[in-house]
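Chains as they are written, first to last, in this note's numbering: chain A, 14 to 637; chain B, 25 to 145.
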Amino acid sequence: MKIGTKITLSFFLITLLLTMLAISVVYVVERRDLGNAIFAHLITTSEARRDHINGFLDMQEAMVKQLAESMVLEEFLSTSREAPDYAEKFEIATQRLERTQKVNENLFYECLVLNAEGKVIASSNRTRVGLDKAGDDCFLRAKEGVYIKDAYYSDITKQRSLAFCAPIINSKTKEFLGVIINKISLDMLNEITTDRTGLGKTGEMYLINRNGYMITRSRFVKNKFLKLKVDTPNAERCFEHLEKSGAVTHEHEPFIYRDYRGVKVLGVHAYIPRMQWCLLAEIDESEAFAPLYRLSFVLFTLIVLAPILTWLVGRFAARLIAAPIYQLRRGTEIIGQGNLDYKVGTKATDEIGALSRAFDRMTRDLKKSTTSIGSLRQEITDRKKAEKKTKEAMKVKSEFISMVSHELRTPLTAIKEGIAIVSDGSAGPVNDEQKDFLDTAKRNVDRLSRLINGVLDFQKLESGKVEFDIQENDINEVARDVQKEMVYLAKEKGLDFILKLDEKLPKVRFDRDKIVQVLMNLVNNSVKFTNKGSITISTAREGNTVRVSVKDTGVGIEKREMPRLFRKFEQLAEAKNRRTGGTGLGLAISRGIIAAHKGKIWAESEPGRGATFHFVLPIEERRS
Amino acid sequence: MAKKILVVDDEPDVLKIVTFRLKKEGYEVITARDGQEALDLVNRERPDLVLLDLRLPVVDGYEVCKRLKTDEDLRQIPVILLTASSATKIAEKTKDFQAEDYLIKPFEPEELLDKVKKFIN
């Protein structure tokens with residue numbers, strides 16, 4: 014899975030999970046809180062209404078009691094029918110009743126006074142007089158005390174009513190005189206119960222009697238007075254409590270059930286023990302939790318939107334993060350294929366950006382080093398080629414020279430011999446002049462021979478073909494041998510030949526013959542250029558080298574001649590004036606030999622006073 | 025009167041042999057071993073021909089030739105250059121320095137005598 018997708022997916026899943034979690038929590042909490050709130054509210058409302066109803070009942074009771082204690086009524090009831098003032102008393106009583114009723118219109122709509130036999134003898138409504146109510150609940154029960162007749166439909170008055178009945182007692186004799194009945198319209202209760210305050214659109218409150226029948230108006234169903242049995246769980250519970258008639262208990266959880274309509278409602282109850290009534294307060298669940306449903310809608314939208322949003326954000330973030338990574342990867346591919354000029358060229362400022370830039374730098378450096386490696390390689394190849402060519406050329410040259418030298422030597426032998434034969438008289442008598450010319454010839458043949466040898470020698474040295482026989486040798490011994498060889502030549506010119514040798518010199522590793530050659534060359538030169546004085550060979554130890562010096566008291570060497578000294582074929586101007594000949598190679602060959610021994614050779618001079626040639630040989634040879 | 029030839033060479037043996045040849049032929053020979061000596065002798069002796077080696081000490085052959093050929097008086101003295109250089113090179117040089125001819129060492133005695141006879145005044 015690509016990094017980009019991983020990021021997007023992570024974003025998405027995280028947000029989705031969090032959202033779902035949050036929404037669930039919110040929903041649950043909201044629902045509970047809402048339920049509790051509604052429930053609490055309903056309870057409060059219902060209790061308030063209940064208190065109101067109780068108050069109402071109390072008031073009615075008080076009213077009827079007060080009337081029952083009325084002296085007027087007492088007197089009237091105490092008067093017999095036959096008494097002359099019966100009619101008068103009747104009138105007073107009736108007027109009193111009429112007045113009272115009028116004044117308390119809002120409390121009761123009719124008042125009946127029954128005698129001890131249960132006959133209506135007075136009323137606020139004169140038409141009622143004479144009715145027999147002996148069998149009436151009110152009469153029967155009111156004898157003992159205040160009795161409230163539960164809701165009923167009065168045929169007489171054609172009204173839904175409650176009746177408050179109180180006994181009329183002779184205050185002196187305590188004799189039961191009669192009953193007073195206050196008829197109350199149920200509308201009064203309805204007023205209380207049908208008040209929609211705090212009940213919203215679907216909330217209602219109603220009373221049900223001990224048998225479970227609704228006695229106040231229903232909000233939804235008409236004309237169900239005493240016809241609708243409310244057989245709901247709420248009603249059940251209410252009656253349970255009534256039976257227990259103990260402490261007031263409420264549900265802790267919002268009580269949800271189906272009401273008499275079959276609709277799911279949130280409901281509470283309050284009971285009125287004296288009437289054994291249940292006051293039920295209900296509100297449709299849909300209304301109660303309407304806010305929750307609205308919230309649910311929002312939450313649901315969120316659940317749908319959030320993932321979409323996070324997907325988009327995630328993709329954006331993924332691209333932001335992943336893009337530089339892809340750039341880098343692509344860069345590695347391209348560069349890996351060999352294109353070192355490619356730059357990732359990121360603008361990102363995060364760690365990936367830094368990495369990409371570092372990568373570009375690395376590529377640049379790599380390019381530099383590969384080009385420099387490339388050019389190095391090219392250089393090496395070129396050099397090797399050149400070297401090879403040179404070697405070949407040298408090989409060719411040395412082979413050529415060897416061949417030529419050989420070719421040159423051969424005729425020389427014949428010439429030399431030819432001359433010798435005539436010169437020594439083998440081919441006939443020879444006069445002085447002839448001999449002189451022959452000697453001249455012989456001399457020059459020798460010179461030629463020496464020249465050829467010198468060139469060969471030098472060539473061998475240059476081409477590295479010379480094999481040095483390196484042994485431990487005594488340099489002083491060499492010096493002594495050379496002196497022995499050359500002393501005669503020196504003496505011929507009247508020169509002294511002196512040896513100044515350090516006897517404590519260690520043995521040095523060198524090729525004896527070659528070093529002899531060098532020393533001979535130096536001494537030869539010295540003798541050549543010195544006309545008076547001496548030649549001195551000295552040896553000494555210097556650090557980890559041995560120095561050999563040949564000093565003469567000859568003409569010396571000019572400063573400007575110094576650089577040319579050891580070059581091939583260079584000869585000092587003086588030499589040309591001499592008869593000593595010389596190949597011009599001597600010093601060059603000496604230098605070659607000394608160099609091969611890893612030593613050094615050089616000259617010092619005071620023009621006119623003499624010259625000294627030095628060479629050093631290392632004591633410990635470090636040959637690879 | 026015998027013709028006078030000046031032979032200039034730093035090699036004594038060469039001088040010896042060339043002198044011998046020329047003398048045998050009847051010429052008078054004077055010798056010089058370096059450029060300076062050569063110039064002096066030319067001035068003093070006014071030879072009829074100069075055999076001039078190019079590689080000379082003190083004053084070299086080229087210089088001598090140049091001086092001879094740029095001098096009003098000495099110009100007409102024929103000069104033959106002697107050298108061991110390659111033919112092409114010396115041919116060029118001969119033209120450049122306005123010498124009469126050249127000889128390459130080693131040379132045949134006949135060659136020498138022929139050229140001398142040819143150019144001598």
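No residue lacks a Cβ here, since even glycine has one placed at the ideal position from N, Cα and C.
Closest to A:Leu518 by C-alpha separation, out of A:Glu498, A:Thr552 and A:Trp290, would be which residue? Of the listed residues, the one whose Cα sits closest to A:Leu518 is A:Thr552.
Measuring CA to CA, which of B:Pro71, B:Thr43, B:Leu136 and B:Ala123 is closest to B:Cys89? Here the closest residue by C-alpha is B:Ala123.
Can you tell me which of the three DSSP states A:Arg173 falls into? Here A:Arg173 sits in strand by DSSP.
Exposed or buried, which one is A:Val116 when buried takes at least 16 other CB atoms within 10 Å? So A:Val116 ends up on the exposed side.
Chain B partners of A:Thr453, CB-CB under 8 angstroms? Against chain B, a Cβ distance below 8 angstroms from A:Thr453 picks out Asp37, Lys40 and Ile41.
Please classify A:Leu30 as buried or exposed, where buried requires at least 16 neighbouring CB atoms within 10 angstroms. An exposed status is given to A:Leu30, since fewer than 16 other beta-carbon atoms sit within 10 Å of its beta-carbon.
Comparing alpha-carbon positions, which option in A:Leu153, A:Ser415, A:Val458 and A:Glu405 lies nearest A:Gly639? This structure gives no information on residue 639 of chain A, because the portion of chain A shown stretches from 14 to 637.
Distance between A:Gly143 and A:Pro180 (C-alpha atoms, nearest Å): Across the structure, A:Pro180 and A:Gly143 are spaced so that their CA atoms are roughly 18 angstroms apart.
Just the chain B side, please: which residues come within less than 8 angstroms of A:Arg456 by C-beta, in chain order? Close partners of A:Arg456 in chain B (Cβ separation under 8 angstroms): Asp37.
Please list the terminal residues of the continuous beta strand (DSSP E) segment that includes A:Glu516. Unbroken run through A:Glu516: none, as it is neither H nor E.
Between A:Thr323 and the rest of its own chain, which residues show a CB-CB distance below 6 angstroms, the 5 nearest in sequence each way excluded? Spatial neighbours of A:Thr323 in its own chain (CB-CB distance under 6 angstroms, excluding positions within 5 residues in sequence) are listed in chain order as Phe24, Phe25 and Thr28.
In terms of DSSP beta bridges, what is A:Phe628 paired with? According to DSSP, A:Phe628 bridges with A:Val561 and A:Ile614.
Would B:Leu46 pass as a contact of B:Val74 if the rule is Cβ separation under 8 angstroms? Using a Cβ distance threshold of 8 angstroms, B:Leu46 and B:Val74 do not count as a contacting pair.
Are A:Val559 and A:Val629 touching if we call contact CB-CB under 8 angstroms? Yes. Within cutoff.
A:Tyr219: buried (16+ other C-beta within 10 angstroms of its C-beta) or exposed? That one is buried.
Residue range of the beta strand (DSSP E) that includes B:Ala2: The question about residue 2 of chain B has no answer here: the residues shown for chain B are numbered 25 through 145.
Taking 8 angstroms as the threshold (C-beta atoms), are A:Tyr284 and A:Asp278 in contact? Reading off the sequence shown, one finds Val at residue 278 of chain A, where the question assumed Asp. No, these two residues do not count as a Cβ contact at 8 angstroms.
Distance CB(B:Ala26)-CB(B:Gly59) smaller than 8 angstroms: Note that the C-beta distance between B:Ala26 and B:Gly59 is not below 8 angstroms.
What distance in whole Å lies between the Cβ atoms of A:Leu341 and A:Ile365, which are believed to be in contact at a cut-off of 8 angstroms? 7 angstroms between Cβ atoms; contact.
Please classify A:Arg592 as buried or exposed, where buried requires at least 16 neighbouring CB atoms within 10 angstroms. Reliability fails at A:Arg592, whose pLDDT of 42 lies under 50, so the model's placement of it is uncertain and no value is given.
Straight-line Cα distance separating A:Lys214 from A:Ile51: Whole-angstrom Cα-Cα distance: 13 angstroms.
Given A:Asp163 as reference, the closest of A:Ile228, A:Ile488, A:Leu241 and A:Ile434 once Cα atoms are compared: It is A:Ile228.
Do you know offhand how far A:Ala301's Cα is from A:Leu308's? Whole-angstrom Cα-Cα distance: 13 angstroms.
For the 8 angstroms Cβ check, are there 3 or more pairs between the stretch 177-195 of chain A and the stretch 81-92 of chain A? Cβ pair count under 8 angstroms is three or more, so yes.
Cβ pair count under 8 angstroms reaching 3, the stretch 327-344 of chain A against the stretch 47-63 of chain A: Counting C-beta pairs with one atom in each stretch, the stretch 327-344 of chain A and the stretch 47-63 of chain A have fewer than three that are closer than 8 angstroms, which means they do not touch.
Is A:Lys132 closer than 8 angstroms to A:Asp145 when the C-beta atoms are compared? In this structure, A:Asp145 sits near A:Lys132, with a CB-CB distance shorter than 8 angstroms.
Buried or exposed: where does A:Asn352 fall if 16 or more other Cβ atoms within 10 Å of its Cβ makes it buried? Note on A:Asn352: under 16 other CB atoms within 10 angstroms of its CB, so exposed under the neighbour-count rule.
Determine the burial state of A:Lys504: buried for a count of at least 16 other Cβ atoms within 10 Å of its Cβ, exposed for fewer. With fewer than 16 other beta carbons inside 10 angstroms of its own, A:Lys504 counts as exposed.
How many Å lie between A:Asn590 and B:Asp34 at the Cα? The predicted model places A:Asn590 with a pLDDT of 43, which falls under 50 and marks its position as unreliable; any figure quoted below should be read in that light. Cα to Cα, the separation comes out at about 7 angstroms.
Taking DSSP as the reference, what is the three-state secondary structure of A:Glu295? In the three-state scheme derived from DSSP, where H, G and I count as helix and E and B as strand, A:Glu295 is classed as strand.
Candidates B:Asp84, B:Leu76 and B:Lys141: closest to B:Leu127 by CA position: Measuring from the Cα of B:Leu127, the nearest candidate turns out to be B:Leu76.
Please return the same chain residues whose Cβ sits closer than 7 angstroms to the Cβ of B:Glu87, not counting the five positions on each side in sequence. The residues are Gly59.
I'd like to know whether the C-beta of B:Gln60 is nearer than 8 angstroms to at least one C-beta of chain C. The chain inventory of the structure shown lacks chain C, comprising the protein chains A and B.
Start-end ranges of the alpha helix (DSSP H) lying completely within the stretch 113-150 of chain A, minimum 4 residues: Those alpha helix (DSSP H) runs which fall completely within the stretch 113-150 of chain A and span 4+ residues do not exist here.
Burial state of A:Ala260, where buried means 16 or more other Cβ atoms lie within 10 Å: Because the pLDDT of A:Ala260 is 47, which lies under 50, any placement of that residue in the model is unreliable, and the number read from its coordinates should be weighed accordingly. Here A:Ala260 is exposed, its C-beta having fewer than 16 other C-beta atoms within 10 Å.
Helix or strand or just coil, what does DSSP make of B:Ser110? Note: B:Ser110 maps to coil in three-state DSSP.
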